[in-house]
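Take a look at the structure set out below.
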Amino acid sequence: MLAKGIESGDRIAFQLPGWCEFTVIYLACLKIGAVSVPLLPSWREAELVWVLNKCQAKMFFAPTLFKQTRPVDLILPLQNQLPQLQQIVGVDKLAPATSALSLSQIIADNTPLTTAITVHGDELAAVLFTSGTEGLPKGVMLTHNNILASERAYCARLNLTWQDVFMMPAPLGHATGFLHGVTAPFLIGARSVLLDIFTPDACLALLEQQRCTCMLGATPFVYDLLNLLEKQPADLSALRFFLCGGTTIPKKVAHECQQRGIKLLSVYGSTESSPHAVVNLDDPLSRFMHTDGYAAAGVEIKVVDDARKTLPPGYEGEEASRGPNVFMGYFDEPELTARALDEEGWYYSGDLCRMDEAGYIKITGRKKILLSAAAKILAAVK
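Below you can see the structure in the form of structure tokens.
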């Protein structure tokens, strides 16, 4: 990257599935102080052009071949629409790069960087694009300290250590995969098993073969695995827990997991404040089924009314959080940032919730109606 003119603070975009090359590029960005911009593999030309221009990416990595398509070739004809983009690189894992510079060639032509580049913890580390309530994706800016605080609290609450083996079925361009599938394992020296394409069969086979101890994903992943286990028993004795977020855990699913010896835990968070509520490992099943956890270490949570006044326990209102994990703002969106973050550092999520006397929260809905497309791009408020 340095040889291609990339400097500290420049944005580097990479649109990769769950491949080890994702981590190579991410670590390279960290080492030189560049800003990582991971993108979802499902995005196509229109989304890519908008996001790459929005974040002013100077370098872009994409597979030469993935799922019978050539992602890097989607962007090559559009370079005239991307004035800031200086270099397109094909990640030649499955096919040679015929029309772009290849990652393997870059690695072969350069020696490892030995000089240290000093980066301050409060500098921008990553921009993660998330579904926008204004019709376009929003670039969530995370500092190095935001990411470290998030993952240290996450690992501490769940007693994760270097002996754990993570299973990550979610895309690495999503906060779940980027933070908990890549960053957290590096932070504690653990192993991570990544899926480039999720299928229940592949996931179950890897859980058993790799003796995975923890898995994080949305409720549909649990449904798929439970359905497969009905037909295809597997040894999941190494699995300590499945951390489930995104929606309420149905009672039937929770009880079926319990019968199979799978501990199902609930978690709540967002790209802007990830994850800031988690249950305890020794909480009773009722906590997992009826709450989304309580504040992680260093994080404060409150429930507010429409005037942003704190409500007492039991009342429904908007969920807000504050802590070292909370993002620094939306990229090049000062008005959106001002609406979401107040001067005291509170992030107002737009989610409705209730908090009990013990501090456990339960998400009950959205303050705003969010319509999100399958690719997590188009959204509108009605």
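Okay, so the sequence shown: first residue is 1 according to full-length UniProt numbering, each after it adds one. Built from N, CA and C at the ideal position, the CB exists for glycine as well.
Secondary structure at residue i, three-state DSSP: helix, strand or coil?
i	result
Asp81	In the sequence on display, residue 81 carries Gln and not Asp. Correct three-state label for Gln81: helix.
Glu333	coil
Thr364	strand
Val24	helix
Asp351	strand
Lys31	helix
Gly245	strand
Phe288	helix
Tyr223	helix
Pro63	strand
Arg322	strand
Ala373	Because Ala373 carries a pLDDT of 39, less than 50, the predicted location of this residue cannot be relied on, and the following value inherits that uncertainty. Ala373: coil per DSSP, three-state reduction.
Pro71	helix
Thr115	coil
Gly293	coil
Ile12	strand
Lys58	coil
Gly317	strand
Lys4	helix
Gly90	strand
Leu103	helix
Lys302	strand
Ala238	coil
Thr176	helix
residue 385	The requested residue 385 does not occur in the structure, where the chain is confined to residues 1 to 382.
Ala254	helix
Leu39	coil
Val49	helix
Taking Cβ positions, are residue i and residue j nearer each other than 8 Å?
i	j	result
Leu136	Trp50	yes
Leu194	Leu225	no
Tyr268	Gly293	yes
Gly139	Cys29	no
Val91	Thr64	yes
Phe61	Phe14	yes
Cys155	Leu187	yes
Gly350	Lys367	yes
Pro284	Asn146	no
Ile117	Lys31	yes
Asp109	Lys58	no
Thr115	Ala175	no
Gly33	Val119	yes
Ala295	Gly359	yes
Leu52	Leu101	no
Gln144	Gly177	A small correction: the amino acid at residue 144 is His; Gln does not occupy that position in the sequence shown. Cβ distance not < 8 Å, so His144 and Gly177 don't count as in contact.
Ala340	Tyr348	yes
Leu76	Ser104	no
Phe288	Ser266	yes
Leu27	Leu113	no
Gly217	Ala170	yes
Could you check how far apart the C-beta atoms of residue i and residue j are, in whole angstroms? I think they sit under 8 Å.
i	j	result
Pro38	Leu172	6 Å
Gly18	Met141	Going by Cβ atoms, the distance from Gly18 to Met141 rounds to 24 Å, so no, they are not a contact pair.
Leu16	Glu45	Contact doesn't hold; Cβ gap of about 17 Å is too wide.
Phe66	Leu94	7 Å
Leu264	Ile249	6 Å
Ile301	Ser321	5 Å
Val279	Cys244	Going by Cβ atoms, the distance from Val279 to Cys244 rounds to 10 Å, so no, they are not a contact pair.
Leu239	Thr213	6 Å
Phe241	Leu281	7 Å
Using a C-beta cutoff of 8 Å, does residue i count as contacting chain E?
i	result
Val193	In the structure shown, chain E does not exist; there is a single protein chain.
Under the criterion of a Cβ to heavy atom distance below 7 Å, does residue i qualify as lining the ligand MG?
i	result
Leu225	Because no ligand of any kind appears in the structure shown, any question about the ligand MG cannot be addressed here.
Quick check: the region 8-25 against the region 154-161, are there 3 or more CB pairs under 8 Å? Here the region 8-25 makes no contact with the region 154-161; the two share fewer than three CB pairs at distances below 8 Å.
Tell me, please, whether the region 180-189 touches the region 198-212 by the rule of three or more beta-carbon pairs shorter than 8 Å. Below 8 Å, too few C-beta pairs join the region 180-189 and the region 198-212 to call them touching: fewer than three.
Only counting runs of 3 or more residues, tell me where the beta strand (DSSP E) segments fall wholly within the region 120-162, in order along the chain. Those beta strand (DSSP E) runs which fall completely within the region 120-162 and span 3+ residues are 124-130 and 138-143.
At least 3 beta-carbon pairs within less than 8 Å: the region 248-266 vs the region 307-322: Too few Cβ pairs lie closer than 8 Å, so no.
Start-end ranges of the beta strand (DSSP E) lying completely within the region 179-234, minimum 3 residues: Here the runs fully enclosed are 191-194 and 214-218.
The region 311-327 contacting the region 347-360, beta-carbon criterion three pairs below 8 Å: Using a C-beta cut-off of 8 Å, the region 311-327 makes contact with the region 347-360, since at least three inter-stretch Cβ pairs fall below that distance.
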